[in-house]
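Participant: Quick note on numbering: the sequence shown equals residues 12 to 299 in the numbering used here.
Every residue, glycine too, gets a C-beta built ideally from N, C-alpha and C.
Source: prediction; values computed, not measured.
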Amino acid sequence: MERAGHAARDRAPPARAGVSRRAVAGVVRRRRRRGARTAARRDRGRRSRCACNKIRAGAGGAVRLSVIVPVYNEAARLPAALAALAAQPGIDEVIVVDGDSDDGSADLARAAGATLVRAPRGRGTQLNAGAAAASGDVLLFLHADVDLPAGAAAIVARALADPRVVAGAFRTWTVVHRRRWLAPLVHIADVRSRVSRAPYGDQAVFVRAGAFWAAGGFPDVPLMEDIALARALRRIGRIRIVPHRVRVSGRRFEAGLVRATVAMNTFPLLFRLGVPPHVLARLYGAPR
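1) Which word fits G37, buried or exposed, when buried means at least 16 other C-beta atoms lie within 10 angstroms of its C-beta?
2) Would you call the segment 241-257 in contact with the segment 91-111, where contact means no fewer than 3 C-beta pairs closer than 8 angstroms?
3) Which whole runs of the beta strand (DSSP E) in the segment 117-178 are 3 residues long or more, in chain order?
4) Which partner residues of P81 appear in the DSSP bridge assignment?
5) Hey, is P160's beta-carbon within less than 8 angstroms of any beta-carbon in chain B?
6) Sort out for me which residues DSSP pairs V253 with in a bridge.
7) Under three-state DSSP, which class holds R67?
8) What do you get for S119, buried or exposed, if any count of 16 or more other CB atoms within 10 angstroms of its CB means buried?
9) Tell me the DSSP secondary structure of F278 in three-state form.
10) Quick check on R258: does DSSP put it in helix, strand or coil?
11) Measuring alpha carbon to alpha carbon, tell me which of R219, R258, R256 and V232 ends up nearest I247.
12) Considering only residues of the same chain and omitting the five flanking positions on each side of S116, which have a CB-CB separation below 8 angstroms?
13) Using 10 angstroms around the beta-carbon of G285, count the other beta-carbons present and answer buried if the total reaches 16, otherwise exposed.
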């Protein structure tokens, strides 16, 4: 979390109320160009893929870790999520990116001591805005309904101790609070999280800041932004899935079992076959 003197500030320009998608895109484009220039300055005689692999390390290999949480009307969940992050050692800043919520999510983020950034609604757009405001060497993108394991910052630092690794993610364990008979079905996603090298967003993806921008950040698409980023990162270096689990709410399965299960099992393949994200978003039927 941020230190006391900076607890409730909004960062500009992304934090201005009513900020346009064009303004956010301008900041993101500048960071992408800077990342591309960094990636171009690589040592061609070494195995290390690009200069963006380097991180500033302190004692014990510690890194400056920024956690970025995109939200839209998450007032019911946000206080507990931010309290859990405050209890985690080694997290240097928590950035909540509000996508035009109307339930007081932004006020709750300020009250909890998080940095508030405002951006147009859309997960990719919100995540990029948070990344542009972050000061960390490593960015960790966390959904509001996902809980990190104890000691997450140390786990991230260990995963990135190998300079060939540019990003990583956790395994998942999906929790259903109602309709417990759904558990065997929802755990299909948990099995996937153990074997795939293209992590989903609910796996708490973490990435070196330089590599993130060299890869172009998240595309501004309504779905599959996580898969697209993983593709780009694999061209830069390795992605490591750590043997630790995040707890994921099964609320999307409880809200619509068939829709969520079909999307989880077919959309990534359809995306790889060339189906545009906006078409998949229409099929899914729920804005993000």
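Facilitator: Let's see:
1) For the purposes of this step, residue 37 is identified with residue 26 of the sequence shown, where counting begins at 1. That one is exposed.
2) no
3) 126-129 and 149-152
4) Translated into the one-based positions of the sequence shown, residue 81 becomes position 70. Looking at the DSSP assignment, P81 forms a beta bridge with V108.
5) Judged by its chain identifiers, the structure shown contains no chain B, having just a single protein chain.
6) The residue labelled residue 253 in the question sits at position 242 within the sequence shown. Bridge partners of V253: F181.
7) Translated into the one-based positions of the sequence shown, residue 67 becomes position 56. In this predicted model, R67 has a pLDDT of only 40, less than 50, meaning its place in the structure is not dependable; the value taken from the coordinates is given anyway. If DSSP states are grouped into helix, strand and coil, R67 belongs with coil.
8) Taking the sequence shown and counting its residues from 1, the one referred to as residue 119 is at position 108. Per the sequence shown, the amino acid found at residue 119 is Leu instead of Ser. Looking at its Cβ environment, which holds 16 or more other Cβ atoms inside 10 Å, L119 is buried.
9) Looking up residue 278 in the sequence shown gives position 267. F278 falls in the helix class under three-state DSSP.
10) The residue given as residue 258 occupies position 247 in the sequence shown. Strand.
11) Along the sequence shown, one-based indexing puts residue 247 at 236. Nearest option by C-alpha distance: R219.
12) If you number the sequence shown from 1, residue 116 lands on position 105. Counting only Cβ-Cβ distances below 8 angstroms, and skipping sequence neighbours, we find V82, Y83, N84, E85, A86, L89, V107 and D109.
13) For the purposes of this step, residue 285 is taken as residue 274 along the sequence shown, with counting starting at 1. Its Cβ having fewer than 16 others within 10 Å, G285 is exposed.
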